[in-house]
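Novice: Handing you this structure, nothing more for now.
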Ligand SMILES: [Zn+2]
Ligand SMILES: [Zn+2]
Ligand SMILES: [Zn+2]
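In our numbering, the protein residues as written are 775 to 1122.
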């Protein structure tokens, strides 16, 4: 019963923000997915603002990610750039979804109440000192530096006992979930392997060739018409199975399960390729919102995987059918999407 009380207290604690509280994982027994209960994140400025509002709604609050306002964030975990002038900065997230080093001990509070502490790491990656410079405008060296920072942080997470996987993301624009407009990403070191990754691992395992992504890259390059950008180190394509309009997959040619084991030149090439692809999207659609999702294998896995990046422009909203079935209806076939984006290169 005591455990049951604990769950109850957690729900009621919303009003009491003086005590720092840890997020909690709860298992959805219908789907087998973990849900992070993080009432602390609800206290973020503009957590529930209408999605069509500008990202930065409070002009009186100075941007915490601009140079000169470093005191507005916790001290940096890592900075990159010449002495006295950072170019990329990594800071702890003020409203962490994952926090602390408590082992992930799963408690069963009842036949359908399963919970665990949401321990782990939650960091913010400021991708440029410039407030208005998005990934689509990064210079080559800056794109390389951002990718190097992601690699270094994942390496650091992987060394921490109890963690199994790191998720790096960039949300750009309010429709994509950004809560501040200064371009930034987030890095979560997590104590479990999330469903998206276990589903992809299962996809690699089902595939009868050597590596699903190596094969997809070769096959797409052979037919050619879904390839948006290619160089000697990586490929950007609108995958055959695209679920949303203009989604792209960025694939490093060198097979490696782990982003944090990738060679600096491959990381830099992926960063540049993403910049080029985002610039094409921007030329076509103007300033659109998007999500960048970095997928790498869990730190310790013997399964086949090939790290990659999903670029997901926010041009449509998932509605009842998609939410209810998990079946996506894509109104722009990837052949068309790749064609449109390549046409922007020609117009340049
Ligand atoms: Zn700023
Ligand atoms: Zn591969
Ligand atoms: Zn993936």
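Where is the CB? At the ideal position from N, CA and C, for every residue including glycine. Keep in mind it's a predicted model, so treat the numbers as computed, not measured.
Would you check whether ligand 1 has a heavy atom nearer than 7 Å to the C-beta of residue 946?
Specialist: Every heavy atom of ligand 1 is 7 Å or more from the Cβ of residue 946, so no.
Novice: For residue 888, which beta-bridge partners are listed by DSSP?
Specialist: Note: residue 888 sits in a beta bridge opposite 882.
Novice: On the DSSP letters alone, give me the boundaries of the beta strand (DSSP E) that residue 954 sits inside.
Specialist: Premise fails: residue 954 is in no beta strand (DSSP E) and is neither H nor E.
Novice: What are the partner residues of residue 802, as DSSP defines its beta bridges?
Specialist: 807, per the DSSP bridge assignment.
Novice: Ordered along the chain, which non-local residues of its own chain (more than five positions away) have a Cβ less than 6 Å from that of residue 1067?
Specialist: Answer for residue 1067: 943 and 1084, listed in chain order.
Novice: Taking the straight line between their C-alpha atoms, what separation do you get for residue 806 and residue 972?
Specialist: Near 12 Å, if we compare the C-alpha coordinates of residue 972 and residue 806.
Novice: Output the distance between the C-alpha atoms of residue 958 and residue 1013, rounded to the nearest integer angstrom.
Specialist: Each residue's alpha carbon lies about 26 Å from the other.
Novice: Decide if the stretch 906-924 is in contact with the stretch 982-989; the criterion is three or more beta carbon pairs, one per stretch, under 8 Å apart.
Specialist: No, because fewer than three Cβ pairs between the stretch 906-924 and the stretch 982-989 fall closer than 8 Å, the two stretches do not touch.
Novice: Let me know the secondary structure DSSP gives residue 1093 once reduced to three states.
Specialist: Three-state result, residue 1093: coil.
Novice: Measure the alpha-carbon distance for residue 827 versus residue 854 and round it to whole angstroms.
Specialist: Summary for residue 827: the model assigns pLDDT 44, below 50, so the residue's position carries little reliability; its value from the coordinates is reported in the next sentence. Approximately 32 Å, taken between the alpha carbons.
Novice: For the beta strand (DSSP E) containing residue 853, list its first residue and its last residue.
Specialist: Segment 852-854, the beta strand (DSSP E) holding residue 853.
Novice: Run through DSSP, which three-state label would residue 920 get?
Specialist: Reduced to three states, the DSSP call for residue 920 is helix.
Novice: If you reduce the DSSP assignment to three classes, tell me which class residue 874 lands in.
Specialist: Looking at residue 874 - three-state DSSP - the assignment turns out to be strand.
Novice: Under a Cβ-count criterion, where at least 16 other Cβ atoms within 10 Å of its own Cβ denotes burial, should residue 863 be classed as buried or exposed?
Specialist: Buried, since its Cβ has 16 or more Cβ neighbours within 10 Å.
Novice: Does ligand 1 have a heavy atom nearer than 7 Å to the CB of residue 905?
Specialist: For ligand 1, at least one heavy atom lies less than 7 Å from the Cβ of residue 905.
Novice: Can you list, in chain order, every residue whose CB sits closer than 6 Å to a heavy atom of ligand 3?
Specialist: Here the residues come out as 974, 1069, 1082 and 1084.
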